[in-house]
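In this note's numbering, the protein residues as written are 22 to 179.
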């Protein structure tokens with residue numbers, strides 16, 4: 022909870038000191054923005070698994086692995102998809118923050134550079150590309166979710 026409440030831009034100098042600049046720092050920044058909230062959301066979703074189903078698997082001699090793979094994970098699929106949809110935007114924000122501080126390439130770097138040299142077209146183009154990228158990633162995830170529900174026969178329950 023504490024790490025999730027910190028502004029991720031405040032962690033950027035620490036990331037640069039620990040990891041250095043470049044691609045690794047940008048990846049860590051992207052992960053740090055999305056990871057902590059995801060863990061909390063996924064944990065809450067998994068805790069909402071029907072206790073009677075877990076009890077049934079235990080009564081039938083199932084192991085903890087069986088409970089996880091046959092009950093908890095399948096019942097958490099809708100939650101996993103929703104967390105992934107939210108994290109598309111969060112991860113992009115993290116990557117852009119990483120590029121602000123540690124990058125010499127990328128859209129985040131172009132936004133900062135374009136702002137510094139007063140090239141608004143560079144800034145707006147970078148923002149537009151980020152929007153298009155986020156939309157495409159969301160559409161891919163939406164398609165994967167649709168295919169999952171169709172394959173499992175649960176499309177009407179969604």
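Even for Gly, the Cβ is constructed at its ideal location relative to N, Cα and C.
The structure presented is a predicted model; accordingly, all values stated were derived computationally and were not measured.
Short of 8 angstroms from the beta carbon of residue 150, and not among the five residues preceding or following it, lie these beta carbons of its own chain, in chain order: 128. For the 8 angstroms CB-CB criterion, residue 52 and residue 123 do not form a contact. If only uninterrupted alpha helix (DSSP H) runs of at least 4 residues are considered, those enclosed by the stretch 112 to 177 are 128 to 137, 141 to 173. By the CB criterion at 8 angstroms, residue 100 and residue 145 fall outside the cutoff. Between residue 109 and residue 143, the gap from beta carbon to beta carbon reaches 8 angstroms or more. Following the DSSP letters along the chain, one finds residue 58 inside the alpha helix (DSSP H) bounded by residues 44 to 68. Taking the C-beta atoms as reference points, residue 50 is found nearer than 8 angstroms to residue 115. Per DSSP, the unbroken alpha helix (DSSP H) holding residue 78 starts and ends at 72 to 80. Distance from the Cα of residue 68 is smallest, within the candidate group 34, 92, 31, 40, for 92.
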